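Take the sequence shown: its letters are residues 576 to 844, numbered as in our numbering. The beta carbon of each residue, even a glycine, is placed where N, CA and C say it ideally should be. As the structure is a prediction and not an experimental result, all values here were calculated from the model. Notes follow the structure.
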Amino acid sequence: MRLRELRRDARLTGRELAELNGWHPSKISKIEGGKQTPDEADLEAWARACGRPGLDGELIASLRTLESHYVEHRRLFSTGMSAQQRAFSELEGQTTVVRNFENVFVPGLLQTPEYARYRLAEGVAYDGAPDDIDEAVAVRMQRQQILYRSGKKFHFVITEAVLRYRLCPPEVMIGQLDRLVALSTMPTIRFGVIPFEAQLPLAPVHGFWLMDERVVVVENFTASQNLTQATETSAYAEIFAQLAGTAQYGSEARAVITSALADLSALVT
């Protein structure tokens, strides 16, 4: 709910809301007009004055989501790729059940060093990040140790397109596909592939990570955004469940991988 709508629902003018909170009236217009960002105390006071104290958590979650978007932009362009990898590793460490859907890339936790190098190099080439690719690859490989940690569960779902897009040389992709076959047998990993012929319940617009049901991480070309509102995390949990329901697992998933592997191997022989 937008702050202006919350105030109007409470039948308060901007001046009345400002008086209730001991603020200058201009603060209300600046916040509602997007010229001033409220802090958590402001949001708590706003919700309380409007008779909706229980709504402050949702408003604060919205603020954190907005802040995380801009923090990630700055991090992408100024602190290098390895810093992002460490931040993601910390988030994974706080999570018991990790769910990841990808429609373009092999999930980072399942990448070989060679494949990861090509993916991370894009951050330098297109996002203007400092060139710390060697360190970033090393940190990404360290992240993968969590796959072997007891008490953790992982559910990965990818589209068949992930197996067939040529985003690296064939020799690199062959090694990556071999790696996926091996990882698909791990007891901590549930690994699904959505084949091209599957009937999809919805369009797989973008990849995302679902950390328990606390945080959803969504990446685009320029930023990585953390979504924390319950309405968003529950929506993504349902989306993941629907996509996962169309995937093939176990030997059937490996058959899709080995088919892509055979086609790719034919190119280099």
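Chain-order list of residues whose beta-carbon lies under 8 Å from that of residue 579 (same chain, five-residue window excluded): Excluding positions up to five away in sequence, the list reads 607.
Exposure of residue 848, with buried meaning 16 or more beta-carbon neighbours within 10 Å: Lying before the first or after the last residue shown, residue 848 is absent from the chain, which here runs from 576 to 844.
Residues near residue 652 in its chain [Cβ-Cβ closer than 6 Å; skip 5 each side]: Note that residue 652 scores 49 on pLDDT, short of 50, meaning its location in the model is unreliable; the coordinates nonetheless yield the value given after this. Taken in chain order, the residues that qualify are 703.
Boundaries of the alpha helix (DSSP H) in which residue 610 is found, first to last residue: Per DSSP, residue 610 is not a residue of any alpha helix (DSSP H), being assigned neither H nor E.
Residue 824, DSSP secondary structure in three states: Shown here, residue 824 sits in a strand according to DSSP, grouped into three states.
Endpoints, alpha helix (DSSP H) assigned at residue 767: Taken as a continuous stretch (DSSP letters only), residue 767 belongs to no alpha helix (DSSP H), being part of the beta strand (DSSP E) at 764-769.
Sequence-distant residues of the same chain with beta carbon closer than 8 Å to residue 835, five excluded per side: Excluding five sequence positions before and after residue 835, the CB atoms of its chain that fall closer than 8 Å to its own CB belong to 735, 738, 739 and 752, given in chain order.
Between the CA atoms of residue 720 and residue 621 - distance to the nearest angstrom: If I take the Cα positions, the gap works out to 45 Å.
Status (buried if at least 16 other CB within 10 Å, exposed otherwise) for residue 690: By the neighbour-count criterion, in which 16 or more other beta carbons inside 10 Å mark a residue as buried, residue 690 falls on the buried side.
Assigned secondary structure, residue 802 (DSSP; H/G/I helix, E/B strand, else coil): DSSP, read as helix, strand or coil, puts residue 802 in strand.
Alpha-carbon to alpha-carbon, residue 604 and residue 612: Computed Cα separation, rounded: 11 Å.
Alpha-carbon to alpha-carbon, residue 729 and residue 722: As the crow flies, the alpha-carbon of residue 722 is around 8 Å from that of residue 729.
Identified DSSP bridge partners for residue 784: Per DSSP, 675 and 792.
Same chain only: Cβ atoms within 6 Å of residue 660, ignoring 5 sequence neighbours per side: By the criterion of a C-beta distance shorter than 6 Å, residue 660 is surrounded in its chain by 711, 714 and 715, once the five residues flanking it on both sides are discounted.
Complete runs of the alpha helix (DSSP H) confined to the stretch 690-739 [at least 4 residues]: Segments of the alpha helix (DSSP H) lying fully in the stretch 690-739: 708-718 and 735-739.
As assigned by DSSP and simplified to three states, the class of residue 645: Its pLDDT being 48, under 50, residue 645 is placed unreliably in this model, and the value from its coordinates should be taken loosely. It is helical.
N-terminal and C-terminal residue of the alpha helix (DSSP H) that residue 745 is part of: Residue range 745-758 is occupied by the alpha helix (DSSP H) that includes residue 745.
Limits of the unbroken alpha helix (DSSP H) element including residue 680: Neither: residue 680 is in no alpha helix (DSSP H) and is coded neither H nor E.
N- and C-terminal bounds of the alpha helix (DSSP H) containing residue 630: Secondary structure note for residue 630: it is in no alpha helix (DSSP H), with a DSSP letter that is neither H nor E.
Sub-8 Å separation of residue 747 and residue 693 beta-carbons: Yes.
Cα-Cα separation, residue 831 to residue 786: The straight-line gap from Cα to Cα measures roughly 27 Å.
Assigned exposure category for residue 731 - 16 Cβ within 10 Å defines buried: Classification for residue 731: buried.
When 805, 764, 709 and 624 are compared against residue 596, the one with the closest alpha-carbon: The candidate whose alpha carbon is nearest that of residue 596 is 624.
Nearest-angstrom beta carbon gap, residue 822 and residue 780 [assumed within contact, 8 Å]: Taking the Cβ atoms as the reference, residue 780 lies roughly 17 Å from residue 822, outside the contact range of under 8 Å.
Collapsed DSSP secondary structure at residue 656 in the structure displayed: Collapsing the DSSP output to three states places residue 656 in a helix.
C-beta atoms of residue 674 and residue 796 nearer than 8 Å: The answer is no: Cβ separation not under 8 Å.
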